[in-house]
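Contents: one structure, followed by commentary.
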Amino acid sequence: MVTPLGDRVLVKRSEAEEKTAGGIVLPDTAKEKPKQGEVIAVGSGKMLDSGERVAPSVKKGDKVLFTNYAGNEVQIGGEEYLLMREDDILAVVNK
Amino acid sequence: MVTPLGDRVLVKRSEAEEKTAGGIVLPDTAKEKPKQGEVIAVGSGKMLDSGERVAPSVKKGDKVLFTNYAGNEVQIGGEEYLLMREDDILAVVNK
Amino acid sequence: MVTPLGDRVLVKRSEAEEKTAGGIVLPDTAKEKPKQGEVIAVGSGKMLDSGERVAPSVKKGDKVLFTNYAGNEVQIGGEEYLLMREDDILAVVNK
Amino acid sequence: MVTPLGDRVLVKRSEAEEKTAGGIVLPDTAKEKPKQGEVIAVGSGKMLDSGERVAPSVKKGDKVLFTNYAGNEVQIGGEEYLLMREDDILAVVNK
Amino acid sequence: MVTPLGDRVLVKRSEAEEKTAGGIVLPDTAKEKPKQGEVIAVGSGKMLDSGERVAPSVKKGDKVLFTNYAGNEVQIGGEEYLLMREDDILAVVNK
Amino acid sequence: MVTPLGDRVLVKRSEAEEKTAGGIVLPDTAKEKPKQGEVIAVGSGKMLDSGERVAPSVKKGDKVLFTNYAGNEVQIGGEEYLLMREDDILAVVNK
Amino acid sequence: MVTPLGDRVLVKRSEAEEKTAGGIVLPDTAKEKPKQGEVIAVGSGKMLDSGERVAPSVKKGDKVLFTNYAGNEVQIGGEEYLLMREDDILAVVNK
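Chains as they are written, first to last, in numbering that gives the first Met the number 0: chain B, 0 to 94; chain X, 0 to 94; chain P, 0 to 94; chain D, 0 to 94; chain S, 0 to 94; chain R, 0 to 94; chain Y, 0 to 94.
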């Protein structure tokens, strides 16, 4: 597995994105539609001007919504993941 | 439901936007016309350079005006919502 | 009525803009000509990096000049208003 | 008359710009040629990140040089003025 | 060898990028696919506004993922290296 | 004469730019070639975020090199000058 | 000779860039290939927001790698030099 750097977050995109367990449906036609996935790993967080780091607002296991263009794709063990910045994550889906 | 991150706000767009109860009418023809909606959920607020967060200026239940291009669309339970930044909200409609 | 957020200001554009009581005439032909109006409501002011807010330099009732492209249009009670940032206001017309 | 806001400055452009009393001649052909004028009114000055304002470096009566594209035009009492930012002023002409 | 300056990092791109020991496979078709490599040398780190430097989050020997367009190519002793900014590194591959 | 504002510097471009006394020759063909001139007057210096000003690194009489596109042209007493920002000055020519 | 201002550095580009003593070869075909040279003079260093200057990370005599588009060309005593910002320097070549 990999450890994201700084404010990067490793996300596994949800398989069936059209209709999730929590009832969240993402529109097909929206030009910039958010995507859903699960947080797999987080970095040490964003660095402030003071040099301190702020712990990420998401944690391993969180179901999250993110923008369509968020992140870079990587494949680990044959599966596809996304490495995105914490700021690309729009919301956490409540259980 | 979802919990917005940081300065994100979850907004339910008003059904009948042409003429609201409060008498606010939004022009059809304006190139960048604001939209009206209701705040459903807010995040922890914008992060300052110091790492502190500032509580959002809007709260659940607020009727708000926002710019036409604000936010990303999501569907929850078959209904469409917007996830926008607090700064995209122009004003709160007084009751 | 509405309450502007942060550094937003609600302005009612002057009806007869060509020639005002104070004698200020705005040229027709200028490519980026300022507009005149009256402040109807102000927000809590711009937020500093420290999280503090600075009270707006304009107040309800002020006659103001603003740039041609300032703000978003809204209609309240059948009348058209502008929601602009305080920084889009160029000057206050003295009484 | 008007009171400029913040770092805005009200300037009356010099009538005869080709040749001034101080002997400053501005070239016709320069693509981005500075203009000359007189400061009529200043605002409270630029706001720092701390919220404090810095008194403007120019004052009423100063003859100033500014860039060609500086400011917005307004007409007061039938005469044309410019509302520009203090940073658009290049230099003060010495008496 | 060379010593990177500031937040620069010297990286040796992995020979066989399609399939690594750790099982990470990078997709061929992704428009902006990350690359994998090994950190050869790091600089003194990014400078904060205060003038202090923050030690890099990666160190010599780290296997890292980086964006496709990261860095400048140099050849040392006949081999090709990349000089990139620490912020271009997305994640560290765990051993 | 004029007094530059803030970080502005008044420079008199050297007449014979192809070959100077100090032996500095500026190439004709370079796309963005620096120019040489003499500092005639300086402003009070660049303002920091704190509101303090930093004394300019150049002074009256300094021979300086600057970028090709630096500054705005003005004519004083029939001679052409440049009003540029201190940051457009690349180096001081040693005597 | 000249004294660079602020974070500017005067660099003499290496004559034989294809193959250096240290074995560093720079590829011909790279679209944005770094260049090699020797530091001839440095400025007082980059200014922080506080007004303090940070001593440059390179010194006279350092062999350095820099990006292809770094700096402005000047000729001193018939030889060609580059005036670049310290941030355009990628790495120091170890002796």
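Note that CB positions come from ideal geometry on N, CA and C, so glycine has one too.
None of these values were measured; they are calculated from a predicted model.
- Under the three-state reduction of DSSP output, GLU51/P falls in the coil class, being neither helix nor strand.
- The contact set of ASP48/B on chain X, defined by CB atoms closer than 7 Å, consists of ASP48 in chain order.
- Excluding residues up to 5 positions away in sequence, VAL1, PRO3, ILE39, ALA40, TYR80, LEU82 lie with their Cβ nearer than 7 Å to the Cβ of LEU9/D in the same chain.
- Within the stretch 53–72 of chain P, ASN71, GLU72 place their CB atoms closer than 8 Å to a CB of chain X, listed in sequence order.
- The beta carbon of LEU89/Y sits closer than 7 Å to the beta carbons of PRO33, LEU64, PHE65, THR66 from its chain, once the five residues preceding and following it are set aside; these are given in chain order.
- A distance below 8 Å between beta-carbons, with the five flanking residues on each side excluded, links GLY5/B to the following residues of its chain, in chain order: GLY42, SER43, GLY44, LYS45, MET46, ARG52.
- At least one C-beta of chain B is nearer than 7 Å to the C-beta of VAL91/S.
- Contact between GLU85/B and GLY60/B fails: their C-beta atoms lie close to 16 Å from each other, not under 8 Å.
- Contact with chain P is absent for ILE39/X, since none of that chain's Cβ atoms lies less than 7 Å from the residue's Cβ.
- The Cβ atoms of ASP48/X and ASP87/P lie no closer than 7 Å to each other.
- Annotated three-state conformation of GLU85/P is helix, per DSSP.
- The beta-carbon distance between LYS62/P and GLN35/P, rounded to whole angstroms, is 7 Å. This is short enough to meet the 8 Å contact definition.
- In this structure, the CA atom of VAL91/S is about 11 Å from the CA atom of ARG7/B.
- Nearest Cα to LYS11/B within the set ALA54/B, GLY50/B, GLY70/B: GLY70/B.
- Contact note: GLU51/P reaches chain D through GLY50, using a C-beta cutoff of 8 Å and chain order.
- Partner residues in a beta bridge of LYS94/R, as assigned by DSSP, do not exist.
- For LEU64/S, the enclosing beta strand (DSSP E) begins and ends at 62–65.
- The beta carbon of ILE75/D does not come within 7 Å of any beta carbon belonging to chain R, so the residue lies off that interface.
- Bridge partners of VAL73/P according to DSSP: TYR80/P.
- With respect to the C-alpha of ALA54/Y, the residue from ALA54/S, SER56/S, GLY50/S having the closest C-alpha is GLY50/S.
- Membership of GLU37/P in the beta strand (DSSP E) is indicated by the continuous run 34–41.
- LEU9/D: member of the beta strand (DSSP E) spanning 7–12, first to last residue.
- At least one CB atom of chain P sits nearer than 7 Å to the CB of VAL1/D.
- From the listed residues SER56/B, ASN93/B, SER13/B, the smallest Cα separation to ILE75/X is found for ASN93/B.
- Excluding the 5 residues flanking it on each side, SER13/S has same chain C-beta neighbours closer than 6 Å at GLN35, GLY36, in chain order.
- The Cβ of LEU4/Y sits closer than 7 Å to at least one Cβ of chain R.
- The beta carbon of VAL73/B sits closer than 7 Å to those of TYR80, LEU82, all from its chain and outside the five residues before and after it, given in chain order.
- Residue-level contact check: LEU82/X touches chain B, since one or more beta carbons of chain B fall below 7 Å from its beta carbon.
- Residue contact with chain X for ARG7/P: present (Cβ-Cβ distance below 7 Å to some residue of chain X).
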